[in-house]
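K.L.:
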Amino acid sequence: MVALKDADKEVVEIIEQERLRQESSLEMIPSENFTSRAVMEASGSVLTNKYSEGYAHRRYYGGNEHIDEVEDLAIARAKELFRVEHVNVQPYSGSPANLAVYLATCKPGDAFMGLNLLDGGHLTHGWKVSASALFYHSVPYHVRPDGYLDMEEVRRLALEHRPKLIWCGITAYTREVPFAEFAKIADEVGAYLVADIAHISGLVATGAHPSPVPHVHLVTTTSHKTLRGPRGGMIMVTKKGLEKDPDLAKKVDRAVFPGLQGGPHDHTTAALAVALKEALQPDFKVYIAQVVKNCQALGMAMAAKGITLVTGGSDNHMQLIDLTPFGKGKGLYVQEALDIAGITVNKNTVPGEPSSPFYPSGIRLGTPALTTRGMKEQEMEQIGGWIAEVIGLVKDFGMPDDKAERTEAITHFRKWLEGDARIREIREEVRALAGRFPLYPGLTYR
Ligand code: DSN
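Heads up: the sequence shown begins at 56 in the numbering used here, then just goes up one per residue.
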């Protein structure tokens, strides 16, 4: 068998360039992280070769004795880490996990509630173009003008619409999710309550964010964000969930397979088992505590330079910059300028977004990946300073509403960006900082 480096030089070169990009830049998208070499190795193992439709010890294919072992191990570790009754580790990622929850608990057309996408919710929590809203009746709730969840609205809408299911979960929200308050409302109307902890699963696992488990019936998560595992998903059923519906675990399993998926990705299951073992170690708790400290240091550094943060700061691993003091729709400019500077973030809507999801007025950023590299408060202060400086450089570029004018404005901005010397200087400073925190020492694909 020919090794990758000899089999396909084009792909090797692309992977190597991506490795170099990751090594030399500052990854600050809050949903991203760097797995261990052990997780990557399991993910690239011979387990990718196997079909194993069904569940452990009840498969539709032969030869699954070792796959059963690895799936059992991943489940046992997830149950221990999150203290839940039942876990399905087969969802390909977070979106299929969430779809399986609908399939397990709702009939097409049933009403459900989730945080509006523009207010920090996920696509699968009912955004109008998502399958969730196409097949079920989405009733979105929002954040208040101060950026915090509007729990009064949640209760009012729940009483009015009597939803079958309520999501409490976030993708762009920097404060604690009040699971107990959600539970009171869901119990009052008899709804299933589901916590989507994709972003905060590492924080929940270590106690840095209160656990939803005592309050909700179901928990979904991805495994590649703060949990630092492979790209994958999980659905968990709590004791409260089984008390509400003793068949809930079976319904979830049936919804994942054969409801939505075929064969599970066994190489991912193995990598997930490795990541869960890592998350059970004491040093993972230290890591997550540092993620949160770094996030606060980053927020303070940016605020000190006059940057506005939604809700004024963060309780978790991410910050949301509100660029509306400089005008609307400027997220794209800041994201592109920071990209040139070697700082990877994503443009995002802000509460009361005056523009649109593609030309939003905010920036979402977080500290999980940088903390994995070993960076601490001192580095966050420096990085916060660079971000504020780059925002200062681009803040006066306007984002017109008219399509033709907008295209012209963006072209003008990109031309300016190509020639700006200070952003290039920052790029070199960023490279020097990243070089002090090597990511995968000795790893090369060439
Ligand atoms: N969960 C989204 C994110 O936070 O980036 C991706 O679906």
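C-beta: ideal position from N, C-alpha, C; glycine also. Source: prediction; values computed, not measured.
Report yes or no: do the region 253 to 267 and the region 92 to 106 share at least 3 C-beta pairs separated by less than 8 Å?
P.N.:
Because the criterion of three Cβ pairs below 8 Å is not met, the region 253 to 267 and the region 92 to 106 do not touch.
K.L.:
Let me know the secondary structure DSSP gives residue 223 once reduced to three states.
P.N.:
It is a strand residue.
K.L.:
In three-state terms, what does DSSP make of residue 355?
P.N.:
It is helical.
K.L.:
Tell me which residues share the same chain as residue 87 and place their Cβ nearer than 6 Å to its Cβ, disregarding the 5 neighbours each side in the sequence.
P.N.:
Counting only Cβ-Cβ distances below 6 Å, and skipping sequence neighbours, we find 424.
K.L.:
Between 473, 414, 396, 248, which has its C-alpha nearest residue 438's C-alpha?
P.N.:
It is 396 whose Cα lies nearest to the Cα of residue 438.
K.L.:
By a C-beta neighbour count over all protein chains shown, 10 Å radius and 16 as the cutoff for buried, is residue 164 buried or exposed?
P.N.:
Flag for residue 164 reads exposed.
K.L.:
Among 227, 493, 187, 296, which has the Cα closest to the Cα of residue 202?
P.N.:
Residue 227 is the option with its Cα nearest to residue 202.
K.L.:
Let me confirm a value: residue 433 is counted as buried when at least 16 other C-beta atoms fall within 10 Å, else exposed. Which label applies?
P.N.:
Its Cβ having fewer than 16 others within 10 Å, residue 433 is exposed.
K.L.:
What did DSSP end up calling residue 374 once you bin it into helix, strand or coil?
P.N.:
DSSP places residue 374 in strand when its eight states are reduced to three.
K.L.:
What do you get for residue 338, buried or exposed, if any count of 16 or more other CB atoms within 10 angstroms of its CB means buried?
P.N.:
Residue 338 should be labelled exposed.
K.L.:
Do the region 165 to 185 and the region 350 to 360 meet, that is, are 3 or more Cβ pairs less than 8 Å apart?
P.N.:
No: the two stretches stay apart, fewer than three of their Cβ pairs being nearer than 8 Å.
K.L.:
Measuring from the CB of residue 235, is there a heavy atom of ligand 1 at a distance below 7 Å?
P.N.:
Every heavy atom of ligand 1 is 7 Å or more from the Cβ of residue 235, so no.
K.L.:
Nearer than 7 Å: is that true of the beta carbon of residue 149 relative to any heavy atom of ligand 1?
P.N.:
Checking every heavy atom of ligand 1 against the Cβ of residue 149, one is found closer than 7 Å.
K.L.:
Taking the straight line between their C-alpha atoms, what separation do you get for residue 443 and residue 121?
P.N.:
Rounded to whole angstroms, residue 443 to residue 121 spans 52 Å at the Cα level.
K.L.:
When DSSP labels each residue in this structure, what does residue 255 get in the three-state scheme?
P.N.:
Note: residue 255 maps to coil in three-state DSSP.
K.L.:
I want to check one thing, is the minimum distance from the CB of residue 254 to the heavy atoms of ligand 1 below 7 Å?
P.N.:
Because some heavy atom of ligand 1 lies under 7 Å away, the Cβ of residue 254 counts as near it: yes.
K.L.:
Please report how far the alpha carbon of residue 501 lies from the alpha carbon of residue 73, in whole angstroms.
P.N.:
Taking the straight line joining both Cα atoms gives about 12 Å.
K.L.:
Below 6 Å CB to CB, which residues in the same chain sit around residue 510 once its five sequence neighbours on both sides are set aside?
P.N.:
There is no way to answer for residue 510, as the model of the chain reaches only from 56 to 501.
K.L.:
Should residue 411 go down as buried or exposed, given a rule of 16 or more other Cβ atoms within 10 Å for buried?
P.N.:
Burial call: exposed.
K.L.:
Should residue 191 be labelled buried (16 or more other beta-carbon atoms within 10 Å of its own) or exposed?
P.N.:
Buried: at least 16 other Cβ atoms inside 10 Å.
K.L.:
Since residue 373 contacts residue 229 with CB under 8 Å, what's their CB separation in whole angstroms?
P.N.:
About 6 Å; that satisfies the 8 Å criterion.
K.L.:
Return the residue from the list 440, 468, 130, 289 that minimises the CA-CA distance to residue 452.
P.N.:
Of 440, 468, 130, 289, the residue nearest in Cα terms is 468.
K.L.:
Determine contact between the region 145 to 164 and the region 360 to 371, defined as no fewer than three beta-carbon pairs at a distance below 8 Å.
P.N.:
The answer is no - the region 360 to 371 does not touch the region 145 to 164, with fewer than three Cβ pairs under 8 Å.
K.L.:
Restricting to Cα atoms, I'd like to know which of 214, 238, 358 is closest to residue 223.
P.N.:
The residue with the shortest Cα to Cα distance from residue 223 is 238.
K.L.:
Alpha helix (DSSP H) containing residue 331: first to last residue?
P.N.:
It spans 321 to 334 - the alpha helix (DSSP H) in which residue 331 sits, taken as one unbroken run.
K.L.:
Among 378, 279, 368, which has the Cα closest to the Cα of residue 84?
P.N.:
Nearest of 378, 279, 368 to residue 84, Cα basis: 279.
K.L.:
May I ask you to report which of helix, strand or coil DSSP gives residue 143?
P.N.:
Strand, per DSSP.
K.L.:
Can at least three beta-carbon pairs, one atom from the region 126 to 133 and one from the region 245 to 256, be found at a separation below 8 Å?
P.N.:
No: the two stretches stay apart, fewer than three of their Cβ pairs being nearer than 8 Å.
K.L.:
Within 10 angstroms of the Cβ of residue 112, are there 16 or more other Cβ atoms? Answer buried if so, exposed if not.
P.N.:
It is exposed - the Cβ of residue 112 has fewer than 16 other Cβ atoms within 10 Å.
K.L.:
Looking at residue 510: is its Cβ nearer than 8 Å to the Cβ of residue 405?
P.N.:
Absent from the structure is residue 510, since the part of the chain shown begins at 56 and ends at 501.
K.L.:
Taking only the alpha-carbon atoms, compute the straight-line gap between residue 188 and residue 318 and give it to the nearest angstrom.
P.N.:
Spanning the two alpha carbons is a distance of roughly 26 Å.
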